[in-house]
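Enquirer: Note that numbering that gives the first Met the number 0 has the sequence shown beginning at 0, numbered continuously upward. Backbone N, C-alpha and C define an ideal beta-carbon position, used for all residues, glycine too.
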Amino acid sequence: MSEMYKDKLEILQQRIPIGDRQGLALLEKAEGNTDKAEKYFTEERVSIIVNKTEVQAEIALHHLQENNFDIKQTIKIIETKYFTATELILKKDHDKEEVLDKVFSAIVKKYNWKSSFLNDPNEIKDFPNDLYSFMTVMEWLYFENWEDFESALFHHLDMVTEQMRIKLNLTKLADYLEKARSIAHYFYEKYETSKNHNNYVKATNELRNNKEFIAAEEKFNLLKPLLEERLYELVKNNIEKFP
């Protein structure tokens, strides 16, 4: 069978970039018809590109032809030309926490931020509302993860709870956080923590054993996955606002 199609294989290889084994397999499938074999090859490559990028077949074919049917290079060109960074992140990643991290990094890269903008909110005051909400809450979550829950309660919490209420529909979570801050503030004032470190230690020890404070932190941890889900939905539903 291979010898039968040897001459036609050479003709086919002049038309498309294909190895001997695959070329012969296509010729056998096409019963020696080089036009059909070429068509099978093209359709297969187009199908791969369409499945991986979700572009129209005509676009896939055009870029395949432009790139000598190199699948890897064609996908790279299409992704660069037709998709934003955020669109690609949503297409490729299915872990929502990882998606949020990558979208955050994409925004930081685009705007070349060097430090925390929560400490300088004017840096993002002119952002579209959805982007502002996302970055505000995400950076606060990073701070809470890096430091601890207690410290995060005094790290621009009003900016964050405002976004939880207005954009994320998480009023109860905002209430829990503000209640926890009020409890912490009560103990800080009670022990006059600003006077010396020992007073701060006493206040912290009593705070961490306070049932209401513990309950508020538990509520935060319970609702944290929902917060991440709402942030993900914010990105997905307003993708045109993101880089």
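How many angstroms separate the CA atom of Ile76 from the CA atom of Ile238?
Expert: 21 Å
Enquirer: For the region 66-128, which segments carrying the alpha helix (DSSP H) assignment without a break, of at least 4 residues, lie completely within its bounds, in sequence order?
Expert: Taken in chain order, the complete alpha helix (DSSP H) segments of 4 residues or longer contained in the region 66-128 are 70-81, 84-91, 95-110.
Enquirer: Less than 8 Å between the C-beta atoms of Thr79 and Val102, yes or no?
Expert: No, the pair does not count as a contact, with Cβ atoms beyond the cut-off.
Enquirer: Quick check on this structure: which residue in Glu211, Ala56, Pro127 has the alpha carbon closest to the alpha carbon of Ile106?
Expert: Pro127
Enquirer: Decide if Gly22 is buried, meaning its Cβ has at least 16 other Cβ atoms within 10 Å, or exposed.
Expert: buried
Enquirer: Shortest alpha-carbon distance to Leu206 belongs to which of Thr33, Ser104, Ala179, Ala173?
Expert: Ala179
Enquirer: What's the C-alpha gap between Leu26 and Lys35?
Expert: 8 Å
Enquirer: Can you grab the Cα-Cα spacing for the pair Lys218 / Glu211, in whole Å?
Expert: 11 Å
Enquirer: Label Lys5 either buried or exposed according to how many other C-beta atoms from any shown protein chain fall within 10 Å of its C-beta, with 16 as the threshold for buried.
Expert: exposed
Enquirer: Short check: CB of Asn50 to CB of Pro16, under 8 Å?
Expert: no
Enquirer: Helix or strand or just coil, what does DSSP make of Ile48?
Expert: helix
Enquirer: Mind checking Arg14: buried by the 16 CB within 10 Å criterion, or exposed?
Expert: exposed
Enquirer: Would Met3 be called buried (16 or more neighbouring beta carbons within 10 Å of its own) or exposed?
Expert: exposed
Enquirer: Thinking Lys91 and Pro242 are a contact (beta carbons under 8 Å), I'd like their distance in whole angstroms, please.
Expert: Contact doesn't hold; Cβ gap of about 16 Å is too wide.
Enquirer: Find out if the Cβ-Cβ distance for the pair Leu11, Thr33 is shorter than 8 Å.
Expert: A Cβ-Cβ contact shorter than 8 Å links Leu11 with Thr33.
Enquirer: I'd like to check one pair, Leu152 with Met163: are the Cβ atoms closer than 8 Å?
Expert: For the pair Met163 and Leu152, the CB atoms are not nearer than the 8 Å cut-off.
Enquirer: Which first and last residues belong to the alpha helix (DSSP H) in which Met163 is found?
Expert: 156-165
Enquirer: Between the alpha carbons of Leu233 and His154, how many angstroms are there, rounded?
Expert: 23 Å
Enquirer: What residue range is occupied by the uninterrupted alpha helix (DSSP H) comprising Phe212?
Expert: Start and end: 210-236.
Enquirer: What separation, rounded to the nearest whole angstrom, lies between the Cα atoms of Tyr199 and Leu222?
Expert: 29 Å
Enquirer: Can you tell me whether His196 is buried or exposed, with buried defined as 16 or more other CB within 10 angstroms of its CB?
Expert: exposed
Enquirer: Need the endpoints of the alpha helix (DSSP H) that Lys240 sits in, please.
Expert: Here Lys240 belongs to no alpha helix (DSSP H), and DSSP marks it neither H nor E.
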